[in-house]
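Visitor:
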Amino acid sequence: MCFHLLAAVTVAFWLAVQSHSLIQTLPGFPGKLPFKLHTGYVGVGESEEIQLFYYFIESQRSPTSDPLFIWLTGGPACSGPIQIDYANPNGSIPALVLNPYSWTKVANIIFIDQPVGTGFSYAKTQQAYKTSDTLSATLTYDFLKKWFINHPQYLKNPLYIGGGSYAGLIVPLVVDHIYNGIEAGSEPPLNIKVGYVLGNPFTDVNGTSGEVNGRVAYAYRMGLLSDEFYMALPYSSTIIIHMFY
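Quick note on numbering: the sequence shown equals residues -19 to -1, 1 to 226 in mature numbering (1 follows the signal peptide of the UniProt record, and there is no 0).
(1) Rounded to the nearest angstrom, what separates Ala76 and Gly144 at their Cα positions?
(2) In chain order, which continuous runs of the alpha helix (DSSP H) of length 4 or greater are located wholly inside the stretch 125 to 179?
(3) Find the nearest neighbour of Glu168 within the set Tyr160, His19, Thr99, judged by alpha-carbon distance.
(4) Rounded to whole angstroms, what's the CA-CA distance from Val156 to Asp94? Just pull it up for me.
(5) Can you grab the Cα-Cα spacing for the pair Val23 / Ala148, in whole Å?
(6) Starting from Tyr211 and walking both ways along the alpha helix (DSSP H), at which residues does that stretch end?
(7) Output the distance between the C-alpha atoms of Ser43 and Gln107, rounded to the nearest integer angstrom.
(8) With a 10 Å radius around its C-beta and 16 neighbouring C-beta atoms as the bar for buried, classify Ala165 as buried or exposed.
(9) Is it buried or exposed for Val152, if we count other Cβ within 10 angstroms and need 16 for buried?
(10) Given that a residue counts as buried once 16 or more other Cβ atoms are within 10 Å of its Cβ, and exposed if not, what is Phe210?
(11) Please say whether Ile4 and Ile51 have beta carbons closer to each other than 8 Å?
(12) For Asn89, write down the residues that DSSP places opposite it in a beta bridge.
(13) Pull the bridge partners of Leu18 from the DSSP assignment, please.
(14) Just to confirm, are Pro48 and Asn138 a CB contact at a threshold of 8 Å?
(15) Between Tyr103 and Met212, what straight-line distance do the alpha-carbon atoms span, to the nearest angstrom?
(16) Rounded to the nearest angstrom, how far is the Cβ of Ser146 from that of Asn89, given a contact under 8 Å?
(17) As a quick exercise: from Asn172, Ser113, Leu125, pick the residue whose alpha carbon is nearest that of Lys150.
(18) Leu14: which of Thr85, Gly204, Lys111 sits nearest, CA to CA?
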């Protein structure tokens, strides 16, 4: 289930986005933010008919040398870093608190509202709202190239790509685009590091690759299942699938 910003927060934040690229305050947080939050749009597509919105939070340690971590939210079409449960709204603006273990303690973070139509991202034509997983990955790669062109000071920072849930389908495609671009000599050169990060990923769109059954052996190898439990499992696809669904 996707979580969305409460209406009051959305309106207030949108007004801030419209007037400033550096956000110094947020609804629900007292005083100025203790970190630098930048927001903006990057135009992608043949005529930049798609405008992808992003949140960029500078590392609180060393922005010039710390890694740059790109995070894609799942859904698909779940927005950005601030996600609030709308199941029991009381009409008030939620209080925001600092996380002492935030990623921004050690890394620069970019959250992208993707695909088009997610969060504040929009298209200039109705036709441009039509999307797919492969197109979303291509446009995300285009976003990264253009963002780095506008922020060349981060080209030398180690680059990592990650995502959760449905982004398990998108992140590998984006990384593939990056490596293909590097081999082809595409500019600017992205300093991506080996591998990518996935949290609770969705990876088997058709449910036919056996990925679901493979989770059992994976959980065992990771030490999440005991030897006794694993050895007692009947090796029936039906039973194993029902263990996880």
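The C-beta atom is built at its ideal place from N, Cα and C for all residues, glycine as well.
Guide: According to the data block:
(1) Against the sequence shown, residue 76 aligns to sequence position 95. Against the sequence shown, residue 144 aligns to sequence position 163. So the two alpha carbons sit approximately 26 Å from each other.
(2) 148 to 164
(3) Locating residue 168 in the sequence shown gives position 187, counting from the first residue. Put simply, of Tyr160, His19, Thr99 the residue whose alpha carbon is nearest the alpha carbon of Glu168 is Tyr160.
(4) Position 175 of the sequence shown, counted from the first residue, corresponds to residue 156. Position 113 of the sequence shown, counted from the first residue, corresponds to residue 94. The straight-line gap from Cα to Cα measures roughly 18 Å.
(5) Within the sequence shown, residue 23 is the residue found at index 42, counting from 1. Within the sequence shown, residue 148 is the residue found at index 167, counting from 1. Those two C-alpha atoms are separated by around 20 Å.
(6) Position 230 of the sequence shown, counted from the start, is the residue given in the question as residue 211. 208 to 212 is the extent of the alpha helix (DSSP H) around Tyr211.
(7) Counted from its first residue, the sequence shown places residue 43 at position 62. Counted from its first residue, the sequence shown places residue 107 at position 126. The straight-line gap from Cα to Cα measures roughly 42 Å.
(8) Along the sequence shown, read from residue 1 onward, the residue named residue 165 stands at position 184. Exposed, because fewer than 16 other Cβ atoms sit within 10 Å of the Cβ of Ala165.
(9) Reading the sequence shown from its first residue, position 171 is the one you call residue 152. Only buried fits Val152, as 16 or more other CB atoms lie within 10 angstroms of its CB.
(10) Against the sequence shown, residue 210 aligns to sequence position 229. By the 10 Å Cβ count, Phe210 comes out exposed.
(11) Within the sequence shown, residue 51 is the residue found at index 70, counting from 1. Within the sequence shown, residue 4 is the residue found at index 23, counting from 1. No, Cβ-Cβ distance for Ile51 and Ile4 is not below 8 Å.
(12) As a first step, residue 89 must be located in the sequence shown, where it is residue number 108. Paired residues: Leu49.
(13) As a first step, residue 18 is located in the sequence shown; it is residue number 37 there, counting from the start. Its beta-bridge partners are Ile4, Ile38.
(14) Here residue 48 refers to the residue found at position 67 when the sequence shown is read from its first residue. Here residue 138 refers to the residue found at position 157 when the sequence shown is read from its first residue. By the CB criterion at 8 Å, Pro48 and Asn138 fall inside the cutoff.
(15) Your numbering for residue 103 matches position 122 in the sequence shown. Your numbering for residue 212 matches position 231 in the sequence shown. The alpha-carbon atoms of Tyr103 and Met212 are separated by roughly 51 Å.
(16) As a first step, residue 146 must be located in the sequence shown, where it is residue number 165. As a first step, residue 89 must be located in the sequence shown, where it is residue number 108. By a beta-carbon distance limit of 8 Å, Ser146 does not contact Asn89. Their separation comes to about 23 Å.
(17) In the sequence shown, counting from the first residue as 1, residue 150 sits at position 169. Reading off the sequence shown, one finds Leu at residue 150, where the question assumed Lys. Closest option to Leu150, Cα to Cα, is Ser113.
(18) Walking along the sequence shown from the start, residue 14 turns up at place 33. With distances taken between Cα atoms, Leu14 lies closest to Thr85.
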